[in-house]
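Q: I'd like to ask some things about the structure below.
Protein chains: 2
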Amino acid sequence: MEIDLGQGRSTDQVRPHNLSMVLRYLHLAGPLSRAALTQRTELSRSTVATLVAELTERGLVVEGPPRSPSGPGRPSPEVRLADDGPVVLAVEVGVDSLAVAIVGLGGDVRSQVRVDRERSPVAAREVVAEVHRIGGPLLDAQPAPLVAIGVSIVGVVRRTDGLVRIAPNLGWRDEPLGELVAEAFGADVPVLVGNDADLGALAEHQRGAGVGLDDFVFLCGEVGVGGGVIMDGRPLRGADGYSGEVGHVAVNPDGRPCRCGSRGCLETEVGEPALLRAAGVDPTRGGREAVDEVLHAAARGDERAVRALREIGGWLGIGVAGIVNIFNPRRVVLGGYFADIFRYVDDQIGGALNSRALPATGASVEVVASRLGAQALLLGAAELAFAPLLADPTLFPGVPTETRRAG
Amino acid sequence: MEIDLGQGRSTDQVRPHNLSMVLRYLHLAGPLSRAALTQRTELSRSTVATLVAELTERGLVVEGPPRSPSGPGRPSPEVRLADDGPVVLAVEVGVDSLAVAIVGLGGDVRSQVRVDRERSPVAAREVVAEVHRIGGPLLDAQPAPLVAIGVSIVGVVRRTDGLVRIAPNLGWRDEPLGELVAEAFGADVPVLVGNDADLGALAEHQRGAGVGLDDFVFLCGEVGVGGGVIMDGRPLRGADGYSGEVGHVAVNPDGRPCRCGSRGCLETEVGEPALLRAAGVDPTRGGREAVDEVLHAAARGDERAVRALREIGGWLGIGVAGIVNIFNPRRVVLGGYFADIFRYVDDQIGGALNSRALPATGASVEVVASRLGAQALLLGAAELAFAPLLADPTLFPGVPTETRRAG
DNA sequence: TAGTTTTGGTTTGCAACAAAACAAACAACG
DNA sequence: CGTTGTTTGTTTTGTTGCAAACCAAAACTA
């Protein structure tokens, strides 16, 4: 029961912190003049100069000529992320597809491959082999230094070690996905694994519909329903990293039984199979085309499709209202197939919020569709992989030039 | 859409941070030798010496003789919080009672008064007048400098300004409670208002059943059900501060209608009135005696009381399981009247967790009763009031001795 | 009483940022 | 086309705050 309040701070932790801040501004806001950096960081000009110099020396940023239309006064050189800076490998293991991408700082997707997948259980080793088959060439084809691998997975991931505790749609239990990936790529870089909805939230927070918001929830509709929560500007994790699993919020007392043992969970009522079933499409087909079929039918005015969407929208609204009551987010971002059906269910979600959310909480929330769409998970995986470097840019370049305090 | 990553850090922000850390260690862990402080903070001896010297000069701590049974080596003087250091006024506006206390650093309750209250709507001004009537003498009777007033209220509080948006049990809507209290006491100190469950969580985290845990949920049973959530060591707030309002999680599809417009909410199924009604006690009576009556009856083996407790336990278990799924806490702490009935409902909550919580999440959680009991809310209010001072001890003593950077 | 251990106190050194003074680069204006 | 004003980069100097090293002090141990 030792109380641990963390460590005291010494002067030499100031520098990494400030380096991190400058790098993160460039990472999120894009190229900025040195003058703009001094303004944003509220540091002095001399300090920003030394910080940029150090980042330049480390090969993370470059200073270019000032942007053309400058005002009066001496123009300030533009600082931007180096083209030959570090990259990460982002991997997305989804229900319907596998994707791999090379991503640089600033969310810059250098190359990308996506392949379809059968919607059936597969061994983890097979998936990893396939990932390596399509990802290997990408890695070989690019010269920039790889610093980490980030993996997004449709499943529940333990925070401490990245173990995939359960991934129902893949038929996995307790698969050490990170280790398998590291092994396959023979890479001596860290491999970080995250839940897809958590990573979607991360990506939307930084480059999507959650930019500038400290408190929002990302809701990801697939076969199941995943949730990723950002509170106070930081991902909600929980004791083991399972926080934000909102797929099993109860929405329909008379609903179908759920694999969690309950009945009428959000997941069973608004997962993709529920929509297809309601619309009279074979739910075992699944995938984007099946959903598109329903949407097209609805656009044509097909009665059954419209009714199906309305039904899903109703339950989704109830679920969103519950989530809003619990988390009090500023915004709810709908991703996965929810983004596709959003314009058909928007009104109903609004209605549910009006009738079921607590007045104070419901009034201040906004529901929108994902802005990153299919890219969200890959970008989130990249973000996960870049996180350590962004938190302490002195980790790069990798070869430690001097002894560093353990952390 | 300006991205704000906060400010860069300069060397002179290091000192306040380290002062804060030392003070918080003493605040939470009690008296510590200087040697122990160097160990915990991982700072050098010389730094700790100057930090303690500054805190001593500010009148926050004192150095006393070493504790008697010391080992070999030069004994290290014991540093403890100053007896004549700052105090706060803690106010608790509950359903059944009002309480006021003078609290020093370290959670030291110097004096305290509690009076019963009728369970009926009252004007905010009347409540505040009563608080002043019982709290004024306490303030007059103690010499230490008052630095803030903290108020716990059974209601939903807006974070930005402490406005009480709604307090159903008091019949309040949009009452500027903080302003009223400040006015009544004519005090020129800040008045901070917080939701009771949030403050209970804060108190349990620091001095109760949540000590040392980074992730836990405090569930407070009264007429309604409030929730306070600590995640990653910090209170969950949400966009407006309404986060953690778990009273309206759906637990019973066939339950009674709730004032929120839904039906079978956690609050309607396990609030105090639900227990009394199930046990055949007049629910309008309410209060501790009524609950005690049920508990005594159950202890005697009274069939109806036992069944009532089992019924409540069942719904509470379902609610807890839902909350556990969403937040993945390490522990759930039951406060308010839940603490009193805990030993009767323990098993059922465990059963519900087994059957309804997701395996990974449910396995790592523990449900316990509050350790602070009736003191929790007052201590939480005190903690709220002390928070600014603990975060930056240079705020004390109040008279600014030199210009300080705005922030 | 002498040796060992641990800590407090003091001095010295270093890292990092701020502030001030100066130089450079541009726009606007006459 | 030169002058003036504005803004920024650069260099120098000063300050803050922590660590490390050394010595002295205060206990225990034999």
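The listed protein sequences derive, respectively, from chains W and Y.
In terms of my numbering, the first sequence opens at residue 1 and continues consecutively.
In terms of my numbering, the second sequence opens at residue 1001 and continues consecutively.
Glycine is no exception: its CB is placed at the ideal position from the N, C-alpha and C atoms.
Name the DSSP bridge partner or partners of residue 3 (chain W)?
A: Residue 3 (chain W) sits at position 3 when you count from the first residue of the first sequence. Its beta-bridge partners do not exist; DSSP assigns none.
Q: Just the Cα atoms here: how many angstroms apart are residue 1388 (chain Y) and residue 1213 (chain Y)?
A: Within the second sequence, the letter at position 388 stands for residue 1388 (chain Y). Within the second sequence, the letter at position 213 stands for residue 1213 (chain Y). Whole-angstrom Cα-Cα distance: 22 Å.
Q: Quick check: residue 60 (chain W) and residue 23 (chain W), are their CB atoms within less than 8 Å of each other?
A: For the purposes of this step, residue 60 (chain W) is taken as residue 60 along the first sequence, with counting starting at 1. For the purposes of this step, residue 23 (chain W) is taken as residue 23 along the first sequence, with counting starting at 1. Yes, they are a contact pair.
Q: Would you list the one or two residues that DSSP bridges to residue 1063 (chain Y)?
A: Counting from one through the second sequence, the residue named residue 1063 (chain Y) turns up at place 63. The partner list for residue 1063 (chain Y) (beta bridge, DSSP) reads Y:1079.
Q: Roughly how many angstroms separate the alpha carbons of residue 98 (chain W) and residue 239 (chain W), rounded to a whole number?
A: Stepping through the first sequence from its first residue, residue 98 (chain W) is reached at position 98. Stepping through the first sequence from its first residue, residue 239 (chain W) is reached at position 239. So the two alpha carbons sit approximately 29 Å from each other.
Q: Are residue 1259 (chain Y) and residue 1168 (chain Y) closer than 8 Å when you measure CB to CB?
A: In the second sequence, residue 1259 (chain Y) corresponds to position 259, counting from 1. In the second sequence, residue 1168 (chain Y) corresponds to position 168, counting from 1. In this structure, residue 1168 (chain Y) lies closer than 8 Å to residue 1259 (chain Y) by Cβ.
Q: Within 8 Å (strictly less), CB to CB, does residue 156 (chain W) reach chain Y?
A: Taking the first sequence and counting its residues from 1, the one referred to as residue 156 (chain W) is at position 156. Judged by the 8 Å Cβ criterion, residue 156 (chain W) is in contact with chain Y.
Q: Answer yes or no: do residue 1026 (chain Y) and residue 1079 (chain Y) have a C-beta to C-beta separation smaller than 8 Å?
A: Counting from 1 along the second sequence, the entry for residue 1026 (chain Y) is found at position 26. Counting from 1 along the second sequence, the entry for residue 1079 (chain Y) is found at position 79. At the C-beta level, residue 1026 (chain Y) and residue 1079 (chain Y) come within 8 Å of one another.
Q: Please return the same chain residues whose Cβ sits closer than 7 Å to the Cβ of residue 1278 (chain Y), not counting the five positions on each side in sequence.
A: Here residue 1278 (chain Y) refers to the residue found at position 278 when the second sequence is read from its first residue. Excluding residues within five positions, the ones whose Cβ falls inside 7 Å are 1308, 1311 and 1312.
Q: Using alpha carbons as the reference points, say which of W:186, W:185, W:157 and W:182 lies closest to residue 172 (chain W).
A: Your numbering for residue 172 (chain W) matches position 172 in the first sequence. Nearest option by C-alpha distance: W:157.
Q: Tell me where the alpha helix (DSSP H) around residue 1162 (chain Y) begins and ends.
A: Counting from one through the second sequence, the residue named residue 1162 (chain Y) turns up at place 162. Residue 1162 (chain Y) -> no alpha helix (DSSP H), and no H or E assigned at all.
Q: What residue does the beta strand (DSSP E) around residue 1294 (chain Y) start on, and which one ends it?
A: Taking the first residue of the second sequence as position 1, residue 1294 (chain Y) is located at position 294. Careful: residue 1294 (chain Y) lies outside any beta strand (DSSP E), inside the alpha helix (DSSP H) at 1287-1300.
Q: Just checking: is the beta-carbon of residue 403 (chain W) within a distance shorter than 8 Å of some beta-carbon in chain Y?
A: Numbered from 1 along the first sequence, position 403 holds the residue referred to as residue 403 (chain W). With a pLDDT of 32 at residue 403 (chain W), under the threshold of 50, the predicted position of this residue should be treated as unreliable, and no value is reported.
Q: Just the chain Y side, please: which residues come within less than 8 Å of residue 195 (chain W) by C-beta, in chain order?
A: In the first sequence, counting from the first residue as 1, residue 195 (chain W) sits at position 195. Per Cβ cutoff of 8 Å: no residues; residue 195 (chain W) is ~11 Å from chain Y at best.
Q: The alpha helix (DSSP H) that contains residue 303 (chain W), what's its start and end?
A: Here residue 303 (chain W) refers to the residue found at position 303 of the first sequence. From DSSP, the alpha helix (DSSP H) with residue 303 (chain W) extends over 303-327.
Q: Output the distance between the C-alpha atoms of residue 404 (chain W) and residue 1039 (chain Y), rounded to the nearest integer angstrom.
A: Taking the first residue of the first sequence as position 1, residue 404 (chain W) is located at position 404. Taking the first residue of the second sequence as position 1, residue 1039 (chain Y) is located at position 39. Any answer about residue 404 (chain W) is weak, because its pLDDT of 31 lies below 50 and its placement is not dependable; what the coordinates show is given next. Taking the straight line joining both Cα atoms gives about 20 Å.
Q: Using a Cβ-Cβ cut-off of less than 7 Å, list which residues of the stretch 1252-1286 of chain Y approach chain W; keep chain order.
A: 1253, 1260, 1261 and 1262
Q: Helix, strand or coil for residue 1380 (chain Y)? Go by DSSP, reduced to three states.
A: Looking up residue 1380 (chain Y) in the second sequence gives position 380. Here residue 1380 (chain Y) sits in helix by DSSP.
Q: My understanding is that residue 1089 (chain Y) touches residue 1113 (chain Y), with C-beta atoms under 8 Å, so please give their C-beta distance in whole angstroms.
A: Residue numbering aside, residue 1089 (chain Y) sits at position 89 when the second sequence is read from its first letter. Residue numbering aside, residue 1113 (chain Y) sits at position 113 when the second sequence is read from its first letter. About 11 Å separates the two Cβ atoms, so there is no contact after all.
Q: Using a Cβ-Cβ cut-off of less than 8 Å, give me the residues of the stretch 1304-1329 of chain Y that come near chain W, in sequence order.
A: 1322, 1325, 1326, 1327, 1328 and 1329
Q: Would you give the residue range spanned by the alpha helix (DSSP H) that residue 173 (chain W) belongs to?
A: Residue numbering aside, residue 173 (chain W) sits at position 173 when the first sequence is read from its first letter. For residue 173 (chain W), there is no enclosing alpha helix (DSSP H); the residue is found in the beta strand (DSSP E) stretching over 172-175.
Q: Taking 8 Å as the threshold (beta carbon to beta carbon), is residue 211 (chain W) in contact with chain Y?
A: As a working note, residue 211 (chain W) is residue 211 in the first sequence. Closer than 8 Å: yes.
Q: Taking residue 1166 (chain Y) as the query, report the chain W residues whose CB atoms sit under 9 Å from its CB, ordered along the chain.
A: Taking the first residue of the second sequence as 1, we reach residue 1166 (chain Y) at position 166. Those are 358, 359 and 360, listed as they occur along chain W.
Q: Tell me the residue span of the beta strand (DSSP E) that contains residue 1130 (chain Y).
A: The sequence position of residue 1130 (chain Y) within the second sequence is 130, counting from 1. Counting along the chain, residue 1130 (chain Y) falls outside any beta strand (DSSP E), though it belongs to the alpha helix (DSSP H) covering 1124-1140.
Q: In this structure, does DSSP put residue 396 (chain W) in helix, strand or coil?
A: Taking the first sequence and counting its residues from 1, one reaches residue 396 (chain W) at position 396. Note: residue 396 (chain W) maps to coil in three-state DSSP.
Q: Assuming residue 19 (chain W) contacts residue 51 (chain W) (C-beta within less than 8 Å), just tell me the rounded distance between them.
A: Taking the first sequence and counting its residues from 1, one reaches residue 19 (chain W) at position 19. Taking the first sequence and counting its residues from 1, one reaches residue 51 (chain W) at position 51. Yes, residue 19 (chain W) and residue 51 (chain W) are in contact; Cβ-Cβ is about 6 Å, under 8 Å.
Q: Ends of the alpha helix (DSSP H) at residue 1434 (chain Y)?
A: This structure cannot settle anything about residue 1434 (chain Y), because the visible part of chain Y is limited to 1001 through 1407.
Q: Taking the C-alpha atoms as reference points, what is the distance between residue 182 (chain W) and residue 161 (chain W)?
A: Here residue 182 (chain W) is taken as the residue at index 182 of the first sequence, counted from 1. Here residue 161 (chain W) is taken as the residue at index 161 of the first sequence, counted from 1. Rounded to whole angstroms, residue 182 (chain W) to residue 161 (chain W) spans 13 Å at the Cα level.
Q: Output yes if chain W places a C-beta closer than 8 Å to the C-beta of residue 1029 (chain Y); else output no.
A: Residue 1029 (chain Y) sits at position 29 when you count from the first residue of the second sequence. Yes, its Cβ sits closer than 8 Å to a Cβ of chain W.
Q: Which runs of the alpha helix (DSSP H) spanning at least 4 residues fall entirely within the stretch 12-47 of chain W, listed in chain order?
A: Here the runs fully enclosed are 14-29 and 34-41.
Q: Since residue 355 (chain W) is in the beta strand (DSSP E), which residue starts that stretch and which ends it?
A: For the purposes of this step, residue 355 (chain W) is identified with residue 355 of the first sequence, where counting begins at 1. For residue 355 (chain W), there is no enclosing beta strand (DSSP E); the residue is part of the alpha helix (DSSP H) that begins and ends at 337-356.
Q: With a threshold of 8 Å between beta-carbons, can residue 1055 (chain Y) be considered close to chain W, or not?
A: Indexing the second sequence from 1 puts residue 1055 (chain Y) at position 55. No - not a single Cβ of chain W is within 8 Å of the one on residue 1055 (chain Y).
Q: With a threshold of 16 other CB atoms inside 10 Å of the CB of residue 1141 (chain Y), please say whether the residue is buried or exposed.
A: On the second sequence, position 141 is the one that residue 1141 (chain Y) refers to. The residue is exposed, with fewer than 16 neighbouring Cβ atoms inside 10 Å.
Q: Under the DSSP definition of a beta bridge, which residues are partnered with residue 1097 (chain Y)?
A: For the purposes of this step, residue 1097 (chain Y) is taken as the residue at position 97 of the second sequence. Paired residues: Y:1116.
Q: So, does the CB of residue 118 (chain W) fall closer than 8 Å to a CB anywhere in chain Y?
A: Position 118 of the first sequence, counted from the first residue, corresponds to residue 118 (chain W). No, residue 118 (chain W) lies away from the interface with chain Y (no Cβ there is under 8 Å from its Cβ).
Q: By the DSSP assignment, the beta strand (DSSP E) with residue 1272 (chain Y) in it spans what residues?
A: In the second sequence, counting from the first residue as 1, residue 1272 (chain Y) sits at position 272. Where residue 1272 (chain Y) is concerned, there is no enclosing beta strand (DSSP E), although the alpha helix (DSSP H) it sits in stretches over 1272-1279.
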